[in-house]
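What follows is the structure in structure tokens.
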């Protein structure tokens, strides 16, 4: 049954790409985009629901609990983003920011991005994962630069340069892995399971090099501090449907790579040194992100920095490496993507309302509650959720991870908590600043009527995050611990 | 519940109400003598009260219910305070377990009402009087609390009748604690009743009057009530000093002869103390308002010293 | 009867849902009705627990497999939940009319829907029996109170107050979170620990972190600076709840840590006692200099937190030196004072809110003469003032009396060194009591008595009856709890700790009756109304009355070193020899010590860090690729060094 | 790998030549000479591929050599010269962070550093002086030099060429691990796509380089005066 499913997916993608290429009415193209992401989500849910079918392992796809989980989140974020895009891109075109010619490029790019992410997750071997990760960079850079305004091109150039240069180095890591497996079993192979199986017995020095080089590339993909510089610019300048997808789904691709590498390293003797390295990088990322959040004036840049901070926290969790920590790390990834996408959508609505005509200038936000009450409320609830207050998923995972961190030494939770508090303070400092400003009665911009397409995903995502925060679906916990087991840490809860 | 506490309370109350105006006039007489003038007749206190009770009361046009209730309330509170402090006869079951802190806070209640009365009239003098009265009381409060704590510490209990009963058992020799206790209590009386070094009771000069300032706007029977409660407060504090240090003559078992004897003795001791008070008043000049806290530091030092002496020696 | 707590919580949640759909006065009324019902349920349930000596486990669910959420109640919790219930009933009588007279469109519905969430969070904090549940509801309480403070977001001061409040609550949550991690590591489970020793490092660390977290939330002196901004900025029913109940939830947790979690330890007790004394004295001194009515009440909440801390510290010190009976008296004093503080502080804030709505201003120097214009509100405020200045028959006095007795009997029986400490504590405690009296004579005298100082105060009208019903409930509560205090303690199983205030109040009324009767029969009955005696002045105007700062000027002058008053004056002269002064200015300003020396430097430091770090993102491609290059080289070096 | 006297020494010569070409990339200023050095570098790569194919008798390597010859030696340089004609900029004079001289010194140090680290880590490989070890060092140092080229040159075109020389480094390293052919094909194909995407953005969006575009934009900025002063 899974062969049917896995074959069905590429066919559906190709079909939709062809249809989009030939379409010229905007409404149809956007609906096709929605159809494509909905199909992916449906297939993933079917796979999740029927676990026994794919246990046997597949030639072309490697399906296990971990990448199904991440695919679930990606499918969800892409569906919401494409539904949001129907209204948002319409607004862009009507406002003249996006000329009709590049509309088709946008939708094809969007579907290709989804296809590349799915193939990256289901990639059985490291090289295929690497190639599709590289493809996601290319397609998302294309989407970032779609508005063909100078800053967007500038941002996408930075994105390409920083990401692809670091990804090249991770290809070196892939070659080392190949060499490692070749030394052990004669014929080299790059399958994740194969590497995981042989990792414990092979020479730790070579494995060390391989992991560090891989870490460079994947760290750049998921915005870890020294290599994070592209993230705030790309997310701030991209259309918010794209930046939601970037923050919600594409960062997870990089983090998926790091988790796999951490799983492999966990089998060998150098696990302690590498996890120490991960914790240090996590700490640096969180501190740089939190402190720079203090000085942000743009909404989307602020949210981008909060993504960097959460990625740093995920890295910290993978550094801790106990099964419970990884359980909560996956939970944090899901929670973060859901809440972050909702936050970006509401920021997008605010941006559409207060877009300043001077290119490159910040949008002056005023009379927020009078002109955009829905977006303001969603933005505030989103920011409350993102800093990890209860009744939202991030609080549970923050609590779980920091409990495990306490075992190592009390300084880690102390520093992490102070940084989370600082992030919360910075977030609300910004909100309070924009709440207060009002326009002189003359020059308030015209009220932007938010179409239904844009409101639905925001409401859905925030409701889902509250649901995730309050209770766990019965099977959910078993699925998560199976995913942790697949990483190679073993032991479960 | 036998009738003795009720009967003892009545006797105590009647006696105190009766003799308190007398002590006020004794102090005035001694001061007059010190200035070589004849001074008012001993019963002048009672004549004043009688005159004032017959006079009409004048209220300010924007005074609230505070001006109407305060005089009656302050006298009532002090009557309850007298029930707590047995002056001549310590019944075995005191009416309200005479807790010393309750006594302290009843005095604070009267001061609170008086201050509000000062503000109610809306005149500058009333405002100044109550502001200064409250500030001084705030500074003296720690000392009063420590003095009462010392009394409790010495007697080993918080209830006033037990303290007096304990005082009767020990021989009133000149032990350092007794001396220090006497001095601190004496300073307390001067401050609470607004005697010279702290506040001038007779004058109407704005700068010097604290206690008088608040009563400036009261007249007729209200003024009489305030005068009476002022006198009762002074008697109670003197009773504390007397019964704590020179308790002989106070009786435990009820008998008519004993009561009369104890009353006479207390009258004697009270007058002696009032004379002493008068002498102290006339020998000191009034201190500048902001130097009065230093005097309180002195009193605080005495009371703290009593505890240390009790512990060390 | 115990299981009425859970329906109460549900009623709160339903009440909070109503204003989201409906709007206008109808929604607020039925929302308050539901709230009131929930409050009544809470009162009944906690009363039944208090009387039957049996606590019990209410509800045990688990949010996720790892984190159990167990709710339970025992008599200490019941004391605080009964206060919560009474405050809820009072606030829900008060708030519909108050909200309808507020300006601000939809934000009023938000206010009406957030109050029940805030109350439910506080109730659940009191009921939680596992550290995780406590932290969960603690943060919900913090966030909901933050948004409640932020309702009137148009005003710049409210936004700054809300921001300051958020920063401090985040800090407090960090401390509590760390304490819970420490407890989890030490005991390995989420249930409340029992008898952890302070001699071991984890125990000491956990206690200090708990104390720090609670100190920030309860407004203990060095961490108090957010409270005088946040509480006045909120609308009156909210600030009544925050001052009356939220401080008490923090202190409840302190009481639970001190009685349950840790074995009493002398040094910990001395620490709490020291913080308590400093907070009490400084709190009331800062209250004295405040001219904004609600600011004054906020600072006096800090002072009362200090008093409760003194009681708790005393309990720990005395039980550590094995005087357990006096220790329980001190603990009773702390709990009794906490509950009574909740009552009279709620009463004062609600009545201050009515004054604020009737006159539109909170500045004492612009009020005056309201007692004649608003007799009922004035009378209720008067009862609140009597209670807070601890005057005999009312509940403020009962609490302080217990602590006094514990201090003095402790003084009698402990060894010399401890006696010195207790004497200092006693004198500071006395000083606080007296200064509170001064502060509230000023608050009541200058706001309600004499002539109205401004036009606004002249046209003040009495507030509608419902806005009087709320505070009236609290006033009756204050009086009854005060008078029947020793009976209440007797029923609760602690007879003989308090003298019988019932007898004293009966005697008081009796004596009042006798004096009135005697004066009515014997003395003359004529009365005459005329102008105030001003030593011959014709028509005294309101400008001649005492103002707030004037009233407290002697105290400020006496305690100048504490206030660090800066007196600056400048003179210009006509002639070079500087004899004849032409013009001159004199100024007394009170320096905000904590703000200028503690909070602002830290804020500036963090800001400068933010500045330097955000320079990292300078927008040029070359720099970004340089960062990549440097990281790769560093990683290669690390890799080489690792092997 | 059997030791045939002349081929391995020839191989070592080619590796050194690759490093020299990378150094030239860092220093040349004139754009057309830049493109020519890149083509030369790819040519050396093809030579290495052929030599390796001969040593290990693997015809797959010869196939790779052919593809690299077609794409990297002829295809991409032609494409860049076409783009360059459209932009009409000859010189790339401005440098940031590292002048050419500095860049060379840094790259020498880098090669030494990489050698030191790798020898410490792969100590057993050093003794057999296996080609894999040599390939890894040259490959990694070539990539690092490409990275220096990217951040030290301001012209966008030179950045692209720097990126391609980095990509050559990967390809070089891939060659030494013989059983990895089809994956390197994929890599080449991906990079070609990236290249095309990059250059199209360049020609459509801006002509010479990012900063040049900024100040050119400022001169005749119509509506916002204050930006002109900034």
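Protein chains in written order, with the working numbering: chain X, 180 to 672; chain B, 11 to 323; chain S, 7 to 649; chain E, 19 to 248.
All C-beta atoms, glycine included, are put in the ideal place defined by N, C-alpha and C.
Selection of the segment 82-101 of chain B by Cβ proximity to chain S, strictly under 8 Å: 82, 83, 85, 86, 87, 89, 90 and 93
Give me, in chain order, the residues of the same chain whose beta-carbon lies closer than 7 Å to that of residue 28 of chain E; leave out the 5 immediate sequence neighbours on both sides. 69
Check the C-beta distance from residue 21 of chain S over to residue 37 of chain S and give it rounded, since I have them as a contact under 8 Å. So it is a contact: roughly 5 Å between Cβ atoms.
Could you spell out the range, first to last residue, of the beta strand (DSSP E) harbouring residue 575 of chain S? Segment 571-579, the beta strand (DSSP E) holding residue 575 of chain S.
Within 10 Å of its beta-carbon, does residue 304 of chain B have 16 or more other beta-carbons around it, so buried, or fewer, so exposed? exposed
Report yes or no: is there a C-beta of chain D within less than 8 Å of the C-beta of residue 607 of chain X? The structure shown has no chain D; the protein chains it does contain are X, B, S and E.
Short of 6 Å in beta carbon distance, which residues of its chain neighbour residue 465 of chain S, apart from the five on each side in sequence? Order them along the chain. none
At least three beta-carbon pairs within less than 8 Å, the segment 412-426 of chain X to the segment 310-330 of chain X: yes
With a CB to CB cut of under 8 Å and the five nearest residues on each side skipped, what residues in its chain are close to residue 112 of chain S? 29
Determine the contact status of residue 140 of chain B and residue 239 of chain B, defining contact as a CB-CB distance below 8 Å. no
Look up residue 113 of chain E in the DSSP assignment and give the residues it is bridged to. E/171
Within 7 Å of chain B by C-beta, residues of the segment 366-388 of chain S in sequence order: 375, 377 and 378
Going by the CB atoms, is the gap between residue 234 of chain B and residue 34 of chain B shorter than 8 Å? Not closer than 8 Å, so no.
So the alpha helix (DSSP H) residue 358 of chain X belongs to, where does it begin and stop? 329-364
Limits of the unbroken beta strand (DSSP E) element including residue 166 of chain S: Here residue 166 of chain S belongs to no beta strand (DSSP E); instead the alpha helix (DSSP H) covers 162-193.
What are the residues in the segment 372-400 of chain X lying within 8 Å of chain E by C-beta distance? Residues passing the 8 Å Cβ filter: 382, 384, 385, 387 and 388.
If you count every other CB in all the chains shown that lies within 10 Å of the CB of residue 306 of chain B, and 16 or more means buried, which is it? buried
Can you give me the start and stop residues for the beta strand (DSSP E) that residue 593 of chain S sits inside? Start and end: 587-596.
Using a Cβ cut-off of 7 Å, pull out every chain S residue sitting near residue 114 of chain E, in sequence order please. 628
When you compare each of X/550, X/593, X/425 and X/320 to residue 259 of chain X by their alpha carbons, which one comes out closest? X/425
Any Cβ of chain S within less than 8 Å of the Cβ of residue 31 of chain E? Not closer than 8 Å to any Cβ of chain S, the Cβ of residue 31 of chain E fails to qualify, so no.
Using only the alpha-carbon positions, how far apart do residue 179 of chain B and residue 265 of chain B sit? 20 Å
May I ask you to verify whether the segment 626-636 of chain X touches the segment 526-535 of chain X, counting CB pairs closer than 8 Å and requiring at least 3? Cβ pair count under 8 Å is three or more, so yes.
Span separating the alpha-carbon of residue 142 of chain S from that of residue 136 of chain S: 10 Å
Evaluate the contact criterion for the segment 37-49 of chain S versus the segment 84-99 of chain S: three or more CB pairs, one atom per stretch, below 8 Å. yes
In the DSSP assignment, the alpha helix (DSSP H) including residue 558 of chain S goes from what residue to what residue? 554-564
Residue 338 of chain S versus S/322, S/350 and S/353, residue with shortest Cα-Cα distance: S/322
Check the Cβ-Cβ distances between residue 163 of chain E and every residue of chain X, and say whether any is below 8 Å. Interface residue (Cβ-Cβ distance to chain X less than 8 Å): residue 163 of chain E is not classified as such.
Let me check understanding here. Comparing Cα to Cα, which of E/99, E/76 and E/113 lies closest to residue 45 of chain E? E/113
For residue 358 of chain X, decide whether its Cβ has a neighbour in chain E, counting only Cβ atoms nearer than 8 Å. yes
So is residue 340 of chain X in contact with chain E if we call contact Cβ pairs under 8 Å? yes
Taking C-beta to C-beta, are residue 346 of chain S and residue 404 of chain S nearer than 8 Å? yes
In three-state DSSP terms, what is residue 179 of chain B? helix
For residue 63 of chain S, which of helix, strand or coil comes out of DSSP? In the three-state scheme derived from DSSP, where H, G and I count as helix and E and B as strand, residue 63 of chain S is classed as strand.
Given 8 Å, three or more beta-carbon pairs between the segment 511-520 of chain S and the segment 48-67 of chain B: no
Quick one: Cα of residue 284 of chain X to Cα of residue 230 of chain X, how far? 37 Å
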